[in-house]
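Colleague: The numbering of the sequence shown is numbering that gives the first Met the number 0, which starts it at 0 and goes up by one.
Shown below is the structure under consideration.
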Amino acid sequence: MKKIFWVGIGIAVGSLAYHKLSQAREQATTAEGWNRTLGRIGDSVADTLDAFREGMSSKETELRDALGLDQPQRGRHAGGQNH
């Protein structure tokens, strides 16, 4: 029974995917459809790059805090003074 259930789910998902792809292909054949598709791709790339930059900045801040790079320096060479 479980196998029949999963086969049914697979057929339903495949059918839905086929239907959506057919719609996308029909819409993409017009100039407006291509513009919309390229706009979505551009937005997706921009969102991905923004998330990457945000994560990179967050990780850099975390590493700088862990290494103490943003804390005021103490010791002989702090502030360029030699005592």
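Beta carbons: idealized from backbone N, C-alpha and C, even for Gly.
1. I need the straight-line Cα distance from Gly41 to Phe51, nearest angstrom please.
2. Could you give the distance in angstroms between the alpha-carbon of Ala11 and the alpha-carbon of Arg35?
3. Under DSSP, the alpha helix (DSSP H) around Leu66 begins and ends at which residues?
Modeller: Inspection of the coordinates gives the following:
1. 15 Å
2. 28 Å
3. Ala30 to Leu66
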